[in-house]
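**Q** Residue numbers (UniProt numbering): 1 to 361. First the structure, then my questions, so here it is.
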Amino acid sequence: MNKEFHSFGWYASKVSPHLPKKAFNRVPGRLLGGLAYLLITIAGMLAIGLYDLPFLANIAISFVIGASFAAMGFLGHEILHGTVVKGAGLRNFLGAVFFFPLLTGPLLWRKWHNVTHHVHTQHEEKDPDTWLSKEDLDKKPALKLIYRLPFSVRASLEFFALCFTFTLHSTKIFFAYIKEFQPEKRRAVWFQFLLPWVSWIGLIFFVGITNWLFIFLIPHLIANAIVMGYISTNHRLNPLVPVNDPLANTLSVTVPRWVDVLHFNFSYHTEHHIFPSMSSKYYPLVKEHIKDNWPTRYHEMPMSSALKALWKTPRVYYNGKDLIDPQAGLAYGSLGNGLNPEAIKPRPMNGSGSREGIKQA
Numbered sequence: 001m002n003k004e005f006h007s008f009g010w011y012a013s014k015v016s017p018h019l020p021k022k023a024f025n026r027v028p029g030r031l032l033g034g035l036a037y038l039l040i041t042i043a044g045m046l047a048i049g050l051y052d053l054p055f056l057a058n059i060a061i062s063f064v065i066g067a068s069f070a071a072m073g074f075l076g077h078e079i080l081h082g083t084v085v086k087g088a089g090l091r092n093f094l095g096a097v098f099f100f101p102l103l104t105g106p107l108l109w110r111k112w113h114n115v116t117h118h119v120h121t122q123h124e125e126k127d128p129d130t131w132l133s134k135e136d137l138d139k140k141p142a143l144k145l146i147y148r149l150p151f152s153v154r155a156s157l158e159f160f161a162l163c164f165t166f167t168l169h170s171t172k173i174f175f176a177y178i179k180e181f182q183p184e185k186r187r188a189v190w191f192q193f194l195l196p197w198v199s200w201i202g203l204i205f206f207v208g209i210t211n212w213l214f215i216f217l218i219p220h221l222i223a224n225a226i227v228m229g230y231i232s233t234n235h236r237l238n239p240l241v242p243v244n245d246p247l248a249n250t251l252s253v254t255v256p257r258w259v260d261v262l263h264f265n266f267s268y269h270t271e272h273h274i275f276p277s278m279s280s281k282y283y284p285l286v287k288e289h290i291k292d293n294w295p296t297r298y299h300e301m302p303m304s305s306a307l308k309a310l311w312k313t314p315r316v317y318y319n320g321k322d323l324i325d326p327q328a329g330l331a332y333g334s335l336g337n338g339l340n341p342e343a344i345k346p347r348p349m350n351g352s353g354s355r356e357g358i359k360q361a
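Following this line, the structure appears as structure tokens:
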């Protein structure tokens, strides 16, 4: 093992003795928040479907439904990590309910997220959520055309795409992973994939296309944007690493306390990667111990700063540590490798990393 890095289990072993025993218990009380979001969502849908409301009122309700969809996804994420209820059957059912608006099934999510992403975080080849490398880009002519666009145009397109990226990526993951499931489970995975799509699209025939836009499509886009706002900052400013080290490959963002309450502490992402089977209710305690022990290695910044850093940096990895703009021949450091979120300045690539060198690499 590279001595520069430590596994998430190593960090967990150092922090665990300092945490109260209750921190390792399930917290079924989190379901009360989920129930509240379900009731809000149903009430909003009924209001739009049953009453001839003004356009602005429908838009406002759509935003509330969309925010509820996102929060339900955060709770579904917790449930499927086993931190809320006991029993695989109940976890899968509740996970299916709360991921339903995001069109993702629990069996796929557990294989994609729990089993693969958490085990191989920021591994260039094994993590399905890692952004592409220069080598990957060279193998995809269509993407290379996109990377010829001006940087500001690409950044704008990437941020616009946050409104549908989660759904697009989860669909891609489904078709990539479906053959890896055992034959006896494959039918259930297909059912969990198709049911949300059929249900939400079928709703058009009951409420009409206009109401459907306010009841589902606009909220779904809003939910994607909120969820991807977090997911994009979780790892995309961090380097690719040979060892799954959460202090190297993960970023925690800070948001107002009331947002953490609404989003089930999803901002504590480094903490989550060290203790994925712990309720996020206790992540503030974990953060205290991480910062006490490894203050210079822990990556944390306000959500607004993280999003600005994403806007100002490209999304292609070179040599694991740099984020590069192949067209301009510029390199930006990653977190822990020279990236200063407050003053992001690219450097011209030189030597083997020059613009010519990049093209030849």
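Even for Gly, the Cβ is constructed at its ideal location relative to N, Cα and C.
1. Report yes if the C-beta distance between residue 365 and Pro-246 is below 9 Å; otherwise report no.
2. Tell me the DSSP secondary structure of Ser-16 in three-state form.
3. How would you call Val-198, buried or exposed, if buried means at least 16 neighbouring beta carbons within 10 angstroms?
4. Quick one, which of Leu-132, Gly-29, Gly-73 has its alpha-carbon nearest Leu-240's?
5. Would you mind sorting Asn-244 into buried or exposed? The rule is 16 or more other CB atoms within 10 Å of its CB.
6. Cα-Cα, which of Leu-35, Trp-258, His-18 is closest to Glu-97?
7. Does the stretch 224 to 236 touch the stretch 253 to 270, meaning 3 or more C-beta pairs lie closer than 8 Å?
8. Counting only runs of 3+ residues fully inside the stretch 179 to 263, write out the beta strand (DSSP E) ranges in chain order.
9. Locate the beta strand (DSSP E) running through Val-27, then write down its first and last residues.
10. Classify Ser-277 as buried or exposed, calling it buried when 16 or more other Cβ atoms lie within 10 Å of its own Cβ.
11. I need the boundaries of the beta strand (DSSP E) containing Val-316, first residue and last residue.
12. CB-CB under 8 Å to Leu-19, same chain, minus the five flanking residues each way: which ones, in chain order?
13. For Pro-219 and Pro-196, what's the separation of their Cα atoms in angstroms?
14. Looking at the unbroken alpha helix (DSSP H) that takes in Pro-341, where does it start and where does it end?
15. Kindly indicate which three-state DSSP category Pro-128 falls into: helix, strand or coil?
16. Lys-111: buried (16+ other C-beta within 10 angstroms of its C-beta) or exposed?
17. Along the alpha helix (DSSP H) that carries Gly-82, what are the first and last residues, could you check?
18. What are the start and end residues of the alpha helix (DSSP H) that includes Glu-300?
**A** Quick answer:
1. A question about residue 365 goes unanswered here, because the residues of the chain that appear run from 1 up to 361.
2. Ser-16 falls in the helix class under three-state DSSP.
3. So Val-198 ends up on the exposed side.
4. Comparing Cα positions, the closest option is Leu-132.
5. Per the 10 Å Cβ criterion, buried.
6. Per the sequence presented here, residue 97 reads as Val, with Glu not at that position. Of Leu-35, Trp-258, His-18, the residue nearest in Cα terms is Leu-35.
7. In short, these stretches touch, since the Cβ pair count reaches three.
8. Taken in chain order, the complete beta strand (DSSP E) segments of 3 residues or longer contained in the stretch 179 to 263 are 252 to 254.
9. Segment: none, Val-27 is in no beta strand (DSSP E) and carries neither H nor E.
10. Result: exposed.
11. Residues 316 to 318.
12. The beta carbon of Leu-19 sits closer than 8 Å to those of Tyr-282, Leu-285, Val-286, His-289, all from its chain and outside the five residues before and after it, given in chain order.
13. Rounded to whole angstroms, Pro-219 and Pro-196 show a C-alpha spacing of 15 Å.
14. No alpha helix (DSSP H) contains Pro-341, which DSSP labels as neither H nor E.
15. In the three-state DSSP reduction, Pro-128 falls in the coil class, being neither helix nor strand.
16. So Lys-111 ends up on the buried side.
17. Taken as a continuous stretch (DSSP letters only), Gly-82 belongs to no alpha helix (DSSP H), as it is neither H nor E.
18. Premise fails: Glu-300 lies in the beta strand (DSSP E), 300 to 302, not in any alpha helix (DSSP H).
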